[in-house]
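Input: a single structure, listed below in structure tokens.
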Amino acid sequence: MHTPHANVGLRTSDLGHRKDDRSPSVRSPLSEVLSRLGLPLFLFGTSLFALLLISFTVILPHFTRFDLGGRALSASAVGDYRDQLRAQIKDAEEKRDDFLLPSHDAVYDQLRTRRTDAPDIVSIRKSIISIASAAAVQKDAIVFRVMRIDARKETVHMEGTVRNSGPRSMTVLAQVVEALHSAPFTAELSSPLFERKEEPAGVFHSPFSFDITLRSDATH
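Sequential numbering of the sequence shown, starting at 93, is according to my numbering.
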């Protein structure tokens with residue numbers, strides 16, 4: 093036979109074990125903090141992302157636009173506009189250089205060759221006046237009214253008169269013609285008509301008109 097005390101002891105032991113099984117588990121402090129901050133952190137991150145997205149797509153483009161030539165350009169489009177302007181400037185500079193320095197143009201080469209081969213008009217004119225004045229002895233004896241130099245035909249047409257030489261006006265004219273005929277730039281000289289005219293006041297003069305053909309090898 094079992095005694096009642098034995099049964100009571102077993103039940104008490106069983107109750108003790110069951111009571112220990114129902115005791116709550118202890119959570120770590122880090123897990124507790126993360127569980128409490130998870131939702132606020134998620135809401136904050138979502139709000140920050142939304143604000144940055146709105147700023148990047150709406151606010152920043154509005155404040156970073158530039159007015160260039162009547163066009164509102166964004167910051168990214170300014171670089172493309174700058175490259176486009178540089179290309180246009182470079183093209184304009186090349187066209188300007190081709191216009192001002194046409195070194196590869198056939199017409200320009202022809203004109204330059206013609207200019208190089210043409211006689212030096214200023215030098216020839218000075219030489220004619222200097223030779224004529226020296227031959228006439230008197231500086232103001234020869235008066236040139238016309239001196240027309242044709243660079244293409246290489247000719248010089250002269251008209252004028254011999255004054256202030258008295259009755260020797262024809263002699264002075266002959267001296268001038270001879271000096272010009274012997275000049276290094278003269279290939280041929282057409283002899284003028286020698287005449288002496290007397291004005292009412294007793295002043296003599298000899299008008300002249302003649303042409304000089306220039307030497308090509310002496311005028312370049």
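Don't be surprised by glycine CBs; every beta carbon is placed ideally from N, CA and C.
Environment of residue i [buried if 16+ CB atoms lie within 10 Å]
i: LEU141; result: Position check: residue 141 holds Phe in this sequence, whereas Leu was assumed. So PHE141 ends up on the exposed side.
i: ARG255; result: buried
i: SER298; result: buried
i: PHE148; result: exposed
i: VAL248; result: buried
i: LEU272; result: buried
i: LEU265; result: buried
i: MET143; result: The sequence given here has Leu at residue 143, not Met. Counting Cβ neighbours within 10 Å, LEU143 comes out exposed, since fewer than 16 surround it.
i: ILE304; result: buried
i: SER115; result: Its pLDDT being 49, under 50, SER115 is placed unreliably by the model, and the measurement read from it follows with that caveat. The residue in question, SER115, is exposed, as its Cβ has fewer than 16 Cβ neighbours within 10 Å.
i: PHE300; result: buried
i: PRO259; result: exposed
i: PRO284; result: buried
i: SER261; result: buried
DSSP three-state assignment for residue i, whether helix, strand or coil
i: SER301; result: strand
i: PHE296; result: strand
i: GLU185; result: helix
i: ASP159; result: strand
i: LEU193; result: coil
i: GLY108; result: For GLY108, the predicted structure reports a pLDDT of 47, less than 50, and the residue's modelled location is therefore unreliable. The matter cannot be settled from this model.
i: ARG285; result: Per the sequence presented here, residue 285 reads as Leu, with Arg not at that position. If DSSP states are grouped into helix, strand and coil, LEU285 belongs with coil.
i: GLU291; result: coil
i: LEU306; result: strand
Check whether residue i and residue j have beta carbons under 8 Å apart
i: PHE302; j: VAL269; result: yes
i: ALA227; j: GLN267; result: yes
i: ILE213; j: ALA275; result: no
i: VAL277; j: ARG307; result: Note that residue 277 is Phe in the sequence shown, not Val. Their beta carbons are under 8 Å apart, which means PHE277 touches ARG307 by this criterion.
i: VAL235; j: THR263; result: no
i: LYS231; j: SER225; result: yes
i: ILE221; j: ILE241; result: no
i: VAL238; j: GLU251; result: yes
i: SER257; j: ALA279; result: no
Residue range of the unbroken alpha helix (DSSP H) whose run includes residue i
i: VAL268; result: 261-273
i: ILE151; result: Taken as a continuous stretch (DSSP letters only), ILE151 belongs to no alpha helix (DSSP H), as it is neither H nor E.
i: ALA228; result: 213-228
Start-to-end residues for the beta strand (DSSP E) that takes in residue i
i: ALA279; result: 278-281
Inside the region 237-262 only - beta strand (DSSP E) runs reaching at least 3 residues: Qualifying beta strand (DSSP E) stretches, in chain order: 247-254.
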